[in-house]
Amino acid sequence: MTAARDAVDEANATLGAALSTMDVPADLEVVLGGIQLELLRLGDALDGDGEAPSSARIRRVLAENPLPPELPPGFSVSAGFNSAVGLIKLARMTTVRASRTVTGGAAEYLSVLADLLLASAARIDREEQRQVPLGVCGGVVGPTEWSH
Numbered sequence: 001m002t003a004a005r006d007a008v009d010e011a012n013a014t015l016g017a018a019l020s021t022m023d024v025p026a027d028l029e030v031v032l033g034g035i036q037l038e039l040l041r042l043g044d045a046l047d048g049d050g051e052a053p054s055s056a057r058i059r060r061v062l063a064e065n066p067l068p069p070e071l072p073p074g075f076s077v078s079a080g081f082n083s084a085v086g087l088i089k090l091a092r093m094t095t096v097r098a099s100r101t102v103t104g105g106a107a108e109y110l111s112v113l114a115d116l117l118l119a120s121a122a123r124i125d126r127e128e129q130r131q132v133p134l135g136v137c138g139g140v141v142g143p144t145e146w147s148h
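According to the working numbering, the residues represented by the sequence shown are 1 to 148, in order.
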């Protein structure tokens with residue numbers, strides 16, 4: 001097994017853990033579940049058994065779930081309000097690591113997937129923040145541009 005295959009398998013396992021939290025909206029659960037199958041195909045392709053999946057489907061999903069125009073301060077290091085956000089962000093970092101070790105279609109797929117995972121984490125985090133009443137945790141949760 002290669003380092004890239006290991007990273008792809010790790011990202012896939014982390015996505016599975018995120019989905020198991022039951023904190024992922026149903027529509028994203030379907031998308032991320034499909035991505036898990038594509039990551040299995042990508043892992044096989046990295047081992048020389050088949051072709052890397054196309055990034056076209058992920059680009060379509062990303063167009064429907066774009067990154068917010070401005071991420072909240074600290075989002076890149078925050079674990080989010082729930083486990084799913086933290087696990088999806090971990091899967092993103094593992095995906096970024098894998099993308100640095102491959103070329104061609106596999107690198108493009110992983111790069112676009114990293115963007116989709118960040119957009120997914122941001123969406124789940126934003127939706128979760130909307131459900132948390134202000135003042136929870138002794139005032140730790142304060143008003144943000146996303147808590148409308």
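Each residue gets a CB set at the ideal place from its N, CA and C atoms; glycine is no exception. Please read these numbers as outputs of a predicted model, since none were measured by experiment.
Looking at the secondary structure, which residues open and close the alpha helix (DSSP H) in which residue i lies?
i: Met93; result: Ser83 to Ser99
i: Gly105; result: Gly104 to Gln131
i: Val24; result: Neither: Val24 is in no alpha helix (DSSP H) and is coded neither H nor E.
Run through DSSP, which three-state label would residue i get?
i: Ser31; result: The amino acid occupying residue 31 in the given sequence is Val; Ser does not appear at that position. Note: Val31 maps to helix in three-state DSSP.
i: Thr215; result: With the chain covering only 1 through 148, there is no way to say anything about residue 215.
i: Glu38; result: helix
i: Gly50; result: coil
At the level of alpha carbons, what is the spacing between residue i and residue j?
i: Glu10; j: Ala91; result: 7 Å
i: Ala56; j: Leu46; result: 19 Å
i: Val126; j: Asn82; result: Residue identity check: residue 126 is Arg in the sequence provided, not Val. Straight-line Cα distance between these residues: approximately 11 Å.
i: Val31; j: Ala18; result: 13 Å
Tell me, to the nearest whole angstrom, how far the beta carbon of residue i is from that of residue j; I am working on the premise that it is less than 8 Å.
i: Ala121; j: Val85; result: 5 Å
i: Leu87; j: Ala98; result: Actually they are not in contact, since the Cβ atoms of Leu87 and Ala98 sit about 16 Å apart, beyond 8 Å.
Quick one: using the 10 Å Cβ neighbour count with 16 as the cut-off for buried, is residue i buried or exposed?
i: Pro53; result: buried
i: Asp23; result: buried
i: Leu15; result: buried
i: Gly43; result: buried
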